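Taking my numbering, I'd label the letters of the sequence shown as residues 10 to 270. Glycine included, each C-beta is placed from N, C-alpha and C at the ideal position. Computed from a predicted model, the values in this text were never measured in an experiment.
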Amino acid sequence: MAYETILYAVDGAIATITINRPKVLNALNPQVVAELGQAFAAVAADDEIKVVILTGAGDKSFVAGADIAAMSVMNPVEARNFSRQLQEVTTLMENLPKPIIAAVNGFALGGGTEISLACDFIYASDTAKFGQPEINLGVIPGAGGTQRLSRLVGKNWAKELCLTGDIIDVALAKEIGLVNRVFPAEELMPAAIKTAKKIAAKGRVSTRACKDLINFGFDIPLDHALRLEAESFGMCFASPDQKEGMSAFLEKRKAEFKGSK
Ligand code: DAK
10 MAYETILYAV DGAIATITIN RPKVLNALNP QVVAELGQAF AAVAADDEIK VVILTGAGDK
70 SFVAGADIAA MSVMNPVEAR NFSRQLQEVT TLMENLPKPI IAAVNGFALG GGTEISLACD
130 FIYASDTAKF GQPEINLGVI PGAGGTQRLS RLVGKNWAKE LCLTGDIIDV ALAKEIGLVN
190 RVFPAEELMP AAIKTAKKIA AKGRVSTRAC KDLINFGFDI PLDHALRLEA ESFGMCFASP
250 DQKEGMSAFL EKRKAEFKGS K
């Protein structure tokens with residue numbers, strides 16, 4: 010697949026997707042969003058890939074939001090289609106049966122914060138900045154900024170960010186729980202790759218089950234979610250990885266997970 014606005018690289022079990030429009034701080038236009046959809050579909054279809062890293066090209070920005078120039082001339086139908094496209098990609102990311110690490114290397118604003126929220130967790134450089142500035146454009150966040158953000162950092166912080174449109178630095182983003190870990194800029198990708206490799210060495214069935222259960226179980230009653238957890242726990246015993254993991258512990262050796270794809 011030839012991409013024009015993203016870079017797609019696979020190294021062993023790790024796919025790295027880089028949004029590549031640095032001249033406009035990697036703003037999301039319809040072509041980027043379409044190509045992201047194709048790239049995540051390719052990840053889903055490739056059994057060898059176990060973890061994805063999503064980042065932005067250049068050293069200034071992860072994604073500075075939806076492309077305001079492109080949006081400013083859209084008619085209502087085009088705006089609706091763009092909106093559906095963005096929602097479909099973030100949902101595809103959330104439902105992807107493989108973890109996605111956001112490596113936020115600069116501005117993550119509007120749709121940029123939202124796309125990082127659709128990843129499974131966020132690593133950031135010490136230069137990263139986050140915000141939901143849509144209110145300054147007379148609109149609201151449309152790809153999870155009012156929903157995924159409030160579920161992650163709580164309603165009050167989500168309201169302050171969405172209502173003020175303020176851009177916050179990475180220290181505050183870490184303090185409110187938006188970001189898991191912060192690294193000096195040059196250490197961000199090595200750290201993301203190290204964690205990606207650590208996760209890629211685990212079993213496919215258990216990795217997928219953890220992601221699914223934490224996402225799906227979060228919004229349903231606890232007793233229902235616990236039932237699902239028990240079912241999934243049981244299903245892990247259908248995978249050779251459970252035999253390997255427990256045998257390796259008992260035999261005092263490192264497990265080698267090669268379970269079903
Ligand atoms: N769109 C288009 N171009 C952008 C851009 C953006 N979001 N952000 C930056 N650029 C362009 C600038 O226009 C500039 O282009 P030239 O003038 O060089 O041609 C270039 O990138 C460099 O930017 P600056 O010169 O402004 O750089 P500064 O360092 O001075 O400022 C900045 C950096 C990030 C603070 C500033 O560029 C900025 O405020 N950018 C806009 C940030 C923003 O408002 N983002 C939110 C956009 S709205 C939806 C889902 C999601 C969304 C909508 C609908 N549906 C599912 C319903 C999302 C909406 C948004 O994200």
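Residue pairing by DSSP puts Lys138 in a beta bridge opposite Phe116 and Asp178. Relative to the ligand DAK, the beta carbon of Val113 is positioned no closer than 6 angstroms to any heavy atom.
Phe49: member of the alpha helix (DSSP H) spanning Pro39 to Ala54, first to last residue.
Counting the other CB atoms within 10 Å of its CB gives Gln156 a total below 16, which places it among the exposed residues. Annotation: Gly74 to Ala24 spans about 23 angstroms, alpha carbon to alpha carbon. The residue from Lys267, Phe258 and Leu172 with its alpha-carbon nearest to that of Pro249 is Lys267. In the three-state scheme derived from DSSP, where H, G and I count as helix and E and B as strand, Gly121 is classed as helix. Exposed is the label assigned to Leu259, since fewer than 16 other Cβ atoms lie within 10 Å of its Cβ.
In this structure Ile185 does not touch Leu118 by the C-beta definition: roughly 16 angstroms separates them, more than the 8 angstroms allowed. Separation of the CB atoms of Leu158 and Leu181 is rounded to 14 angstroms, and the pair is thereby denied contact status at 8 angstroms.
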